[in-house]
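Undergrad: Per our numbering, the sequence shown starts with residue 58, numbered consecutively.
By construction, the Cβ of each residue, glycine as well, lies at the ideal position given by its N, Cα and C atoms.
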Amino acid sequence: MTFTEFVAQYELAIRLFFFFTVFAVMAWWEVKAPRRALTLSKTVRWANNLGLVFLNSFILRLLFPAAAVGVAAFAAEHGWGLLNYYTLPLGLTVLICVVAMDFVIYLQHVLVHAVPTLWRLHRVHHADLDYDVTTGARFHPIEIILSMLIKFATIIVLGAPVVAVVIFEVVLNAMAMFNHGNVGLPRWLERIVRLLLVTPDMHRVHHSTEDNETNSNFGFNLSIWDRLFGTYIAQPRAGHRGMCIGIHKFRQPRWATWLPGMLLMPFVGKISGYAINRREWSKTDDQSDPLDTSSEPGSGGR
58 MTFTEFVAQY ELAIRLFFFF TVFAVMAWWE VKAPRRALTL SKTVRWANNL GLVFLNSFIL
118 RLLFPAAAVG VAAFAAEHGW GLLNYYTLPL GLTVLICVVA MDFVIYLQHV LVHAVPTLWR
178 LHRVHHADLD YDVTTGARFH PIEIILSMLI KFATIIVLGA PVVAVVIFEV VLNAMAMFNH
238 GNVGLPRWLE RIVRLLLVTP DMHRVHHSTE DNETNSNFGF NLSIWDRLFG TYIAQPRAGH
298 RGMCIGIHKF RQPRWATWLP GMLLMPFVGK ISGYAINRRE WSKTDDQSDP LDTSSEPGSG
358 GR
């Protein structure tokens, strides 16, 4: 059995192994050395956040049984995609695919901040009032489906091989848990790591309620994209322990914490200002409930 055949055959087991391993490490790290004090019950948040994760996994398996790996295998079988026109070493092909797909994720992240309808979906992720390993997988099911379709299109255009897709999926899931962790690296290590990778301190800035901080640090894996496109902010103005996490209007636990509220969130409020173009806030914006006002919440943090 070749390496490619092994990866294709045991793709789900490989992904689950790395998911549970990284999740366990990050959960242990958060207990031993939390970066910030949590503001809500961890048990309640985890139950609802992970409930959303399992719901999304069920929906994806129901709609797309073959998942991204199946699309990669289908594209390879039919010779679709740019990389199927060239004979390159497998290692180079995997590197190109992982970097290219990471760039697409960056662009997708910017897009869901820029388009009002997409922001309404994406704000489910932003509305978490605390920031830890479970935040990294907290997305509305419709956004998850759209994200999967974008991933399918990217795989087909690239002609990404199965191995590259599995490696990218593992890296994406692991990095999402890592950079959403309620942890911090030593200062000297932080400076080195974030030259290449998105760290928890770097991505936490993006979860700020401050509009310009929310609209920065969109990367999930490679930090180069934010530096290259001018969306990089090094630190939050209020500091990592003093900054406010979440979205201004969605401060009530029924929206920010409980699963039914998360599922309904995209469908409440009237569209006006939204994340990437919002520049001013009023005290009314900060304190009002989305069901009691006709205006749309603006920025939040990812």
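For S265, list the residues DSSP reports as bridge partners.
TA: Along the sequence shown, read from residue 1 onward, the residue named residue 265 stands at position 208. Answer by DSSP bridge pairing, in chain order: I302.
Undergrad: Using C-beta distances below 6 angstroms, list every residue in its chain close to A285, excluding the 5 sequence neighbours before and after it, in chain order.
TA: As a first step, residue 285 is located in the sequence shown; it is residue number 228 there, counting from the start. The sequence as given places Leu at residue 285; Ala does not occur at that position. Counting only Cβ-Cβ distances below 6 angstroms, and skipping sequence neighbours, we find nothing.
Undergrad: What are the partner residues of L229, as DSSP defines its beta bridges?
TA: The residue given as residue 229 occupies position 172 in the sequence shown. Answer is none; L229 lacks a bridge partner.
Undergrad: Quick check: does the Cβ of N272 come within less than 7 angstroms of any heavy atom belonging to the ligand HEM?
TA: With respect to small molecules bound, the structure shown includes none, and the ligand HEM cannot be examined in it.
Undergrad: Report, in whole angstroms, the separation of the C-beta atoms of G138 and A217, which I expect to be a contact under 8 angstroms.
TA: For the purposes of this step, residue 138 is identified with residue 81 of the sequence shown, where counting begins at 1. For the purposes of this step, residue 217 is identified with residue 160 of the sequence shown, where counting begins at 1. Taking C-beta atoms under 8 angstroms as the contact rule, G138 and A217 qualify, at a distance of about 7 angstroms.
Undergrad: Let me know the secondary structure DSSP gives L109 once reduced to three states.
TA: Start at 1 with the first residue of the sequence shown, and residue 109 comes out as number 52. L109: helix per DSSP, three-state reduction.
Undergrad: State the DSSP-derived secondary structure class of L254, mapped to helix, strand or coil.
TA: Position 197 of the sequence shown, counting from 1, holds the residue named residue 254. L254 falls in the strand class under three-state DSSP.
Undergrad: Using DSSP's beta-bridge definition, name the partner residues of L279.
TA: Here residue 279 refers to the residue found at position 222 when the sequence shown is read from its first residue. Note: L279 sits in a beta bridge opposite L254.
Undergrad: Near L117, which residues of its chain fall below 8 angstroms by C-beta distance, leaving aside the five closest residues on each side in sequence?
TA: Here residue 117 refers to the residue found at position 60 of the sequence shown. Here the set comprises A124, I201, I202, M205.
Undergrad: At which residues does the alpha helix (DSSP H) containing S204 begin and terminate?
TA: Taking the sequence shown and counting its residues from 1, the one referred to as residue 204 is at position 147. Note, S204: alpha helix (DSSP H), 198-215.
Undergrad: Would you kindly work out how many angstroms separate the C-alpha atoms of F63 and L147, rounded to a whole number?
TA: On the sequence shown, position 6 is the one that residue 63 refers to. On the sequence shown, position 90 is the one that residue 147 refers to. Answer to the nearest angstrom: the Cα atoms are 15 angstroms apart.
Undergrad: Check whether the Cβ of D187 lies closer than 8 angstroms to any Cβ atom in chain B.
TA: No chain B is present in this structure, which holds just one protein chain.
Undergrad: Taking one C-beta from the region 164-184 and one from the region 69-78 each time, how about it: are there three or more such pairs within less than 8 angstroms?
TA: Flag = no, the region 164-184 and the region 69-78 do not touch.
Undergrad: Tell me which same chain residues have a C-beta within less than 7 angstroms of the C-beta of T96, skipping the five on either side of it?
TA: Taking the sequence shown and counting its residues from 1, one reaches residue 96 at position 39. L186, D187.
Undergrad: Please report the straight-line C-alpha distance between T271 and L164, rounded to a whole angstrom.
TA: Along the sequence shown, one-based indexing puts residue 271 at 214. Along the sequence shown, one-based indexing puts residue 164 at 107. Between the C-alpha atoms of T271 and L164 there is a straight-line separation of about 15 angstroms.
Undergrad: Please go through the region 87-160 and give each complete alpha helix (DSSP H) segment of 4 or more residues, from N-terminal end onward.
TA: Runs found: 99-120, 124-135.
Undergrad: How big is the Cα-Cα spacing for Q344 and H305?
TA: As a first step, residue 344 must be located in the sequence shown, where it is residue number 287. As a first step, residue 305 must be located in the sequence shown, where it is residue number 248. Residue confidence for Q344 is low, a pLDDT of 47 falling below 50, so the modelled location carries little weight; the figure read from the coordinates is stated next. So the alpha carbons of these two residues sit roughly 7 angstroms apart.
Undergrad: Whole angstroms are fine: how far does the CA of L145 sit from the CA of T59?
TA: Walking along the sequence shown from the start, residue 59 turns up at place 2. Walking along the sequence shown from the start, residue 145 turns up at place 88. Spanning the two alpha carbons is a distance of roughly 17 angstroms.
Undergrad: For F307, which three-state DSSP category applies?
TA: Residue mapping note: residue 307 aligns to position 250 of the sequence shown, counting from 1. In this structure, F307 counts as coil in the three-state DSSP scheme.
Undergrad: Inspect the CB distances between the region 94-109 and the region 306-325 and report whether three or more fall short of 8 angstroms.
TA: yes
Undergrad: Check F74 in the structure and name its three-state DSSP category.
TA: Counting from 1 along the sequence shown, the entry for residue 74 is found at position 17. Three-state result, F74: helix.
Undergrad: If you pair each beta-carbon of the region 238-248 with each one of the region 155-162, do three or more pairs fall below 8 angstroms?
TA: no
Undergrad: Tell me, to the nearest whole angstrom, how far the beta carbon of L254 is from that of N230; I am working on the premise that it is less than 8 angstroms.
TA: Stepping through the sequence shown from its first residue, residue 254 is reached at position 197. Stepping through the sequence shown from its first residue, residue 230 is reached at position 173. Not quite, the Cβ-Cβ distance comes to about 15 angstroms (not below 8 angstroms), so this is no contact.
Undergrad: Pull up the distance between the alpha-carbon of T341 and that of K327, whole angstroms please.
TA: Residue 341 sits at position 284 when you count from the first residue of the sequence shown. Residue 327 sits at position 270 when you count from the first residue of the sequence shown. Unreliable positioning characterises T341 in this predicted model, as indicated by a pLDDT of 46, which lies under 50. The coordinate reading is nonetheless provided below. Between T341 and K327, the C-alpha separation is close to 15 angstroms.
Undergrad: Determine the closest residue to L69 out of M83, P91, G127, L109, with distance taken between C-alpha atoms.
TA: Along the sequence shown, one-based indexing puts residue 69 at 12. The shortest Cα separation from L69 among M83, P91, G127, L109 belongs to G127.
Undergrad: With H, G and I counted as helix, E and B as strand and the rest as coil, what does DSSP make of F63?
TA: Residue mapping note: residue 63 aligns to position 6 of the sequence shown, counting from 1. Helix.
Undergrad: Between the beta-carbon of P257 and the beta-carbon of R93, is there less than 8 angstroms?
TA: Along the sequence shown, one-based indexing puts residue 257 at 200. Along the sequence shown, one-based indexing puts residue 93 at 36. Not closer than 8 angstroms, so no.
Undergrad: Taking G303 as the reference, give the member of V228, F235, H182 with the closest Cα.
TA: Residue mapping note: residue 303 aligns to position 246 of the sequence shown, counting from 1. Ranked by Cα distance from G303, the first of V228, F235, H182 is H182.
Undergrad: What are the boundary residues of the alpha helix (DSSP H) that includes M319?
TA: Working through the sequence shown from its first residue, we reach residue 319 at position 262. Its alpha helix (DSSP H) spans residues 316-321.
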